[in-house]
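Numbering-wise (my numbering), the sequence shown opens with residue 459 and increments by one. Structure first, commentary second.
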Amino acid sequence: MDFAGKTAVITGGATGIGLALAGQMGGAGARIILFEPREHRLQEAVAALAAAGIDAKYMVGDVTKPEQVEALADFAWAENGRGDIIVNNAGVSGGRSRVLDMDMVEARALYEVNFWGVWHGIAAFGKRYKADGLPSAIYTTGSENSLFNALPKTGGAYVSSKHAVLGLMDVLQREAPDNIELGLIIPGWVKSELSELQADEAMDTDEFAATIFKQMQAGEFYLVSHPYNVVRMEERWTEVYGAFEKYAPRHEGDDRMDVQLWVERMQAAR
């Protein structure tokens, strides 16, 4: 993806990671459109981007409302000719209760933003990208919690929502036409308003965005930042591999039970 002259639409883009990515893409020549419910924060963000010489606009809206996300796409096409890039960055971090104690209304509200808000962005922009066949990109902000559980005993709603985002983007990566670049942004502990605990150990937001943007330019799918996450991933997969080794070890001919092979045969039968 060459960002020069492209329009990047960023949900939840008025603060934190979204705004920092706007600065990176804008610095590479992209025009920016920010989207979220807080107009005063959008105005502040657009002013800051404009002061840095970046073409920036905003639209007030809510990613949980599919008609408002469709209106965002309409706005991008009307204002800038096209919204070449969508960054599904809007997210919330609530729902910090044990699974059995979680209020279902609160859990569903979190999913409306973290999961359905992402899918709304993918659908509204992705269908247009598929139809016109022009170079495009869909990026989504997941989390280290897409890969393992960094919030034991308190993160049932949040962690599962980010696992769901990983699954959605993984499927989309295999389905999307060649003109659509895909990327899953995987933050660890970053200094942003989303983080409930601010500390010096958290990665600087601009440093994080610069790290991620290099990977966007390289066309990577997994856009990563925090090296220690590998340790937590290895812990999870050691447990999984251990279960397989004990109860379902590899044996000659086991590839005949491969799920992909089954899917291919099902498709051929149709």
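Glycine included, every Cβ here is placed at the ideal spot set by N, Cα and C.
C-alpha distance - residue i paired with residue j, whole-angstrom precision
i: G511; j: E722; result: 51 Å
i: A660; j: R728; result: 51 Å
i: D712; j: E528; result: 46 Å
i: M483; j: Y699; result: 40 Å
i: V563; j: K620; result: 18 Å
i: Q675; j: E665; result: 16 Å
i: V689; j: K611; result: 20 Å
i: E497; j: E693; result: 43 Å
i: I491; j: E697; result: 43 Å
i: K588; j: I638; result: 8 Å
i: W577; j: E633; result: 14 Å
i: T663; j: A726; result: 48 Å
Under the three-state DSSP convention, the category residue i falls into
i: G471; result: coil
i: F666; result: helix
i: M691; result: helix
i: I644; result: coil
i: L558; result: helix
i: K523; result: coil
i: S732; result: The structure shown has nothing for residue 732, since the chain only spans 459 to 728.
i: L492; result: strand
i: M661; result: strand
i: Y705; result: helix
i: L681; result: strand
i: M517; result: strand
i: V717; result: helix
i: T696; result: helix
i: I638; result: strand
i: I686; result: Reading off the sequence shown, one finds Tyr at residue 686, where the question assumed Ile. Of the three classes helix, strand and coil, the one that applies to Y686 here is coil, per DSSP.
i: V545; result: strand
i: A595; result: strand
i: A506; result: helix
i: A589; result: helix
Nearest candidate by alpha-carbon position, reference residue i, set the options
i: S604; options: K704, D628, A582; result: D628
i: A581; options: G470, Q526, E537; result: Q526
i: V617; options: R708, Y569, D636, E659; result: Y569
i: F461; options: P593, G470, A508; result: P593
i: W574; options: R556, V521, L530, S551; result: V521
i: F606; options: W695, G485, I468; result: W695
i: Y680; options: L624, A508, Q725; result: L624
i: V557; options: R708, G591, A615; result: A615
i: L507; options: A488, G519, P685; result: A488
i: E494; options: I475, M517, A509, Y686; result: M517
i: I643; options: I475, Y686, E633, R632; result: I475
Exposed unless 16 or more other CB atoms sit within 10 angstroms - verdict on residue i
i: G613; result: buried
i: F702; result: exposed
i: A514; result: buried
i: G677; result: exposed
i: G579; result: buried
i: P645; result: buried
i: M715; result: exposed
i: A472; result: buried
i: M459; result: buried
i: R586; result: buried
i: E710; result: exposed
Heavy atom of the ligand ADP within 6 Å of residue i beta-carbon
i: A529; result: As far as ligands go, the structure on display features none, and thus does not contain the ligand ADP.
Below-7 Å beta-carbon distance, residue i vs any chain B residue
i: E722; result: Chain labels in this structure do not include chain B; a single protein chain is all it has.
Check whether the stretch 665 to 673 and the stretch 475 to 487 are in contact - that is, three or more C-beta pairs closer than 8 Å. yes
Any chance the stretch 521 to 535 sits against the stretch 497 to 507, with 3 or more Cβ pairs inside 8 Å? no
So, do the stretch 588 to 605 and the stretch 539 to 547 have three or more beta carbon pairs nearer to each other than 8 Å? yes
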